[in-house]
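J.: Each residue of the sequence shown is one higher than the one before, counting from 1 in the UniProt record's numbering.
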Amino acid sequence: MREFPSIDPAQVSVRTSYSGANADIIESQITEPLEKAINSIDGIRNITSSSVQGSSSISIEFNLDKNLEDAANDVRDKVSQSGKAFAGRFGCATGSLQI
Numbered sequence: 001m002r003e004f005p006s007i008d009p010a011q012v013s014v015r016t017s018y019s020g021a022n023a024d025i026i027e028s029q030i031t032e033p034l035e036k037a038i039n040s041i042d043g044i045r046n047i048t049s050s051s052v053q054g055s056s057s058i059s060i061e062f063n064l065d066k067n068l069e070d071a072a073n074d075v076r077d078k079v080s081q082s083g084k085a086f087a088g089r090f091g092c093a094t095g096s097l098q099i
């Protein structure tokens, strides 16, 4: 039997914070719009998210053929575009991209 190397798909995580907002507001006003924007990126295999008081986390897993750097740049672009809308709406919402 031949052994194959373990190959991990590209994964990118997005974390946001909005101090004082409850989980429902985080989900409907931040997490869901970000998921919708990110979901338009080619090569996504799976998206998972969680929203709690004051913050959210979105994990994006890409197909094996997606380059990690390209995946991170695509997500960064979508988060940046969405962030402009959030800044105008909330003023204090912040986000970070972790790879």
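All residues carry an ideal CB built from backbone N, CA and C; glycine is no exception. Note that this is a predicted model, so its numbers are computed, not measured.
Just to confirm, is the Cβ distance from S59 to A23 under 8 angstroms?
T.: Taking 8 angstroms as the Cβ cut-off, S59 and A23 do not qualify as a contacting pair.
J.: State the DSSP-derived secondary structure class of N39, mapped to helix, strand or coil.
T.: coil
J.: May I have the straight-line CA-CA distance separating C92 from Q53, to the nearest angstrom?
T.: A caution first: C92 carries a pLDDT of 48, below 50, which makes its placement in the model unreliable, though a value can still be read off. Whole-angstrom Cα-Cα distance: 15 angstroms.
J.: Given I41, which residues of its chain have a CB within under 6 angstroms of its CB, disregarding the five upstream and five downstream residues?
T.: D74
J.: Would I44 pass as a contact of F62 if the rule is Cβ separation under 8 angstroms?
T.: F62 sits close to I44, with the two beta carbons spaced by under 8 angstroms.
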